[in-house]
Amino acid sequence: MKKVLIILLVLLLRGPDGFKDIKDIIRKEKKPAETAIQDNVIIKYGTFLGNEKRSFYGKGPVPANLNVLWKVNLGSGETELDGKIQKWAGWGWTGQPILIEENKKDYLIAGSYSHKLRKIEADTGKIIWEYSFDDVIKATPAALKDRNGRVIILCGSRKGVHRALGDRDIYSFRAVSLEGKEIWRLCPEKTGSTSRDVDGTCIYDTGTERIYLGAENGIFYVLNPWKSKEKRGIKNPRLIARIPLYNEEDLRKHHGDIYIESSPSLSGDIIYISSGSGHIYGINRKTLKIVWDFYTGTDINGTVPISNDGCLFVALEKQYIRGKGGALKLNPAKRPEEAVEWFFPTGDRTYAKWSGGIIGSIAINDEYNTYPERSLAAFNAIDGYLYVVSRNKLEKNKYSELNRKRCSVPRLIFKKYIGGSISTPVFIDNYLITCGYDCRLHVFKISFGRAIKLKEVATFQAQGMIESTPLVWNNRIYISSRDGYLYCLGSKK
Numbered sequence: 484m485k486k487v488l489i490i491l492l493v494l495l496l497r498g499p500d501g502f503k504d505i506k507d508i509i510r511k512e513k514k515p516a517e518t519a520i521q522d523n524v525i526i527k528y529g530t531f532l533g534n535e536k537r538s539f540y541g542k543g544p545v546p547a548n549l550n551v552l553w554k555v556n557l558g559s560g561e562t563e564l565d566g567k568i569q570k571w572a573g574w575g576w577t578g579q580p581i582l583i584e585e586n587k588k589d590y591l592i593a594g595s596y597s598h599k600l601r602k603i604e605a606d607t608g609k610i611i612w613e614y615s616f617d618d619v620i621k622a623t624p625a626a627l628k629d630r631n632g633r634v635i636i637l638c639g640s641r642k643g644v645h646r647a648l649g650d651r652d653i654y655s656f657r658a659v660s661l662e663g664k665e666i667w668r669l670c671p672e673k674t675g676s677t678s679r680d681v682d683g684t685c686i687y688d689t690g691t692e693r694i695y696l697g698a699e700n701g702i703f704y705v706l707n708p709w710k711s712k713e714k715r716g717i718k719n720p721r722l723i724a725r726i727p728l729y730n731e732e733d734l735r736k737h738h739g740d741i742y743i744e745s746s747p748s749l750s751g752d753i754i755y756i757s758s759g760s761g762h763i764y765g766i767n768r769k770t771l772k773i774v775w776d777f778y779t780g781t782d783i784n785g786t787v788p789i790s791n792d793g794c795l796f797v798a799l800e801k802q803y804i805r806g807k808g809g810a811l812k813l814n815p816a817k818r819p820e821e822a823v824e825w826f827f828p829t830g831d832r833t834y835a836k837w838s839g840g841i842i843g844s845i846a847i848n849d850e851y852n853t854y855p856e857r858s859l860a861a862f863n864a865i866d867g868y869l870y871v872v873s874r875n876k877l878e879k880n881k882y883s884e885l886n887r888k889r890c891s892v893p894r895l896i897f898k899k900y901i902g903g904s905i906s907t908p909v910f911i912d913n914y915l916i917t918c919g920y921d922c923r924l925h926v927f928k929i930s931f932g933r934a935i936k937l938k939e940v941a942t943f944q945a946q947g948m949i950e951s952t953p954l955v956w957n958n959r960i961y962i963s964s965r966d967g968y969l970y971c972l973g974s975k976k
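In the working numbering, the protein residues as written are 484 to 976.
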């Protein structure tokens, strides 16, 4: 009946030429293409560090050789840092491509410092589409699929070149379709923070079909990505909750640097997320209340992986604290004041704007190991070294200090100088892959015997530093460099 009335109205106003407009009206009433059901799509690797626990790094085998099978020029773009316009090339931290299968063909979704999000054929490097943001993209994208088969891609960026912190319209988190068409934008509001970027990657709660996201304004967002409402000509996602992850004392101590740069992790009913305010929070996903709060005082950039036994592995930068940065293991089943299992301090070093500690995330090998005595953690530090430690074995008669409290120290398995790094290493089967400011990607083979040993078996030399995170999938390694390129590495057929 509604369509009949529309037809009669248009005929009265436009005469016989109105039939073209009728088709337009009816077409607009149809469901938008970006929400169409896509049963031909499989999300193989859909978020930063692979799963809800941030502990899955891809699927082997690891290639025996690191030949360049293809490379894509990601270009460069402008961004503002400390009040000055700079040009950045390639893709850096956190910078991990995601992988989807569509019509039985694999595609990467990758960001870049040229402001562009791209869909790329994984086999050939052919660019399918590009979508432009207002600034460089540091974040890893995420791919979501709802119960009805709809698929969307979500990604964050810096706030926008030539945009002031207090500008009204800063859209640093967006959703696009698999065809690269915009669906909606999120504007992280101005707070006491000195940033409105989005560097983290959202996590998708398939039970409630919500996403959880931290932004650099210090706010933790809970959104319905499938519903949107237009405001000032821009579609915005439905906001379910916003939770500040800082207090006034944090703002004062950190001079507004209370950025959430990490990506949330999910275990059972608890969402865990680290914040630049110095806290690691546990948030109940049903009540959306903070139920656990461990305070470190330092800046935390890394995402928190969760082991199969429920422990958290936190990368601490050396900033705003007197002691060392390093790797921290927490048991959130205990009260915060009793939660420290061990702390491994790393060395101090002034490099760029950092003074020490760990900027990237800690890798754990739970997805590739079933033996507790082989449980490992790996991390790159600003002091120049890659470290591998036992997660369950402690050094005898050796202790560290965190916030003036004595802590146990895990047994050191392996240490190698790679020039410093903010990249996150990844485990794949019995291999460890990492990148550094030596402009190299390193592949280590892990052997388990009486002693656990690592041996470097392959390297790839880029023309620029590598800050991004590798993705390994079926005999290929995908990695971006600040030299401007996204590389596909593997053995030539």
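Even for Gly, the Cβ is constructed at its ideal location relative to N, Cα and C.
(message) Less than 6 angstroms between C-beta atoms, sequence neighbours within five positions excluded: which residues of the same chain meet that for Asp650?
(response) none
(request) Drop a sphere of 10 angstroms on the beta-carbon of Ser974, count the other beta-carbons inside from all chains shown, and report buried for 16 or more, exposed for fewer. (result) exposed
(request) Return the chain-ordered list of same chain residues with a C-beta closer than 8 angstroms to the C-beta of Asp629, the five sequence neighbours on each side being excluded. (result) Glu692 and Trp709
(message) Is the separation between the beta-carbon of Ile568 and that of Val644 shorter than 9 angstroms?
(response) yes
(request) Decide if Tyr900 is buried, meaning its Cβ has at least 16 other Cβ atoms within 10 Å, or exposed. (result) By the 10 Å Cβ count, Tyr900 comes out exposed.
(request) Could you spell out where the alpha helix (DSSP H) holding Asp733 opens and where it closes? (result) Glu731 to Lys736
(request) Could you give the DSSP three-state label for Arg1004: helix, strand or coil? (result) For the chain, the structure presents residues 484 to 976; residue 1004 sits outside this window and is missing.
(message) Could you tell me which whole beta strand (DSSP E) segments of length 3 or greater appear in the region 682–706?
(response) 686–688 and 693–697
(request) State the start and end residues of the unbroken beta strand (DSSP E) segment that holds Leu954. (result) Annotation: the continuous beta strand (DSSP E) that includes Leu954 extends over Leu954 to Trp956.
(message) Only counting the same chain, and skipping five residues up and downstream in sequence, which positions put a Cβ closer than 7 angstroms to that of Phe897?
(response) Only Val871 and Leu937 meet the Cβ criterion.
(message) I need the DSSP call for Asp507, collapsed to helix, strand or coil.
(response) Residue placement at Asp507 cannot be trusted, given a pLDDT of 37 that sits under 50; the coordinates are not used to answer.
(message) If distances are taken between C-alpha atoms only, which option among Ser757, Tyr778, His738 and Ile789 comes closest to Gly751?
(response) Ile789
(message) Need the endpoints of the beta strand (DSSP E) that Arg668 sits in, please.
(response) Glu665 to Leu669
(message) So within the region 605–684, which uninterrupted alpha helix (DSSP H) runs reach at least 4 residues, ignoring any that extend past its ends?
(response) none
(request) Going by CA-CA distance only, name the one from Ile723, Arg923, Ser760 and Leu749 that's closest to Glu731. (result) Ser760
(message) Could you compute how far the alpha carbon of Ile905 sits from the alpha carbon of Lys769?
(response) 34 angstroms
(message) Less than 9 angstroms between the C-beta atoms of Trp825 and Glu800, yes or no?
(response) no
(message) Quick check: what's the CA-CA separation for Thr779 versus Phe927?
(response) 32 angstroms
(request) Tell me Thr562's beta-bridge partners as DSSP assigns them. (result) Gln569
(message) Report the start-end ranges of each beta strand (DSSP E) in the region 881–967 that is 3 residues or longer and not cut off at the edges.
(response) 888–900, 909–911, 914–918, 923–931, 935–944, 954–956 and 959–963
(message) Going by beta-carbon coordinates alone, are Glu561 and Trp576 separated by less than 9 angstroms?
(response) no
(message) Can you list, in chain order, the residues of its chain with a C-beta nearer than 6 angstroms to that of Ser883? Leave out the 5 residues immediately preceding and following it.
(response) Phe826, Pro828, Cys890 and Val892
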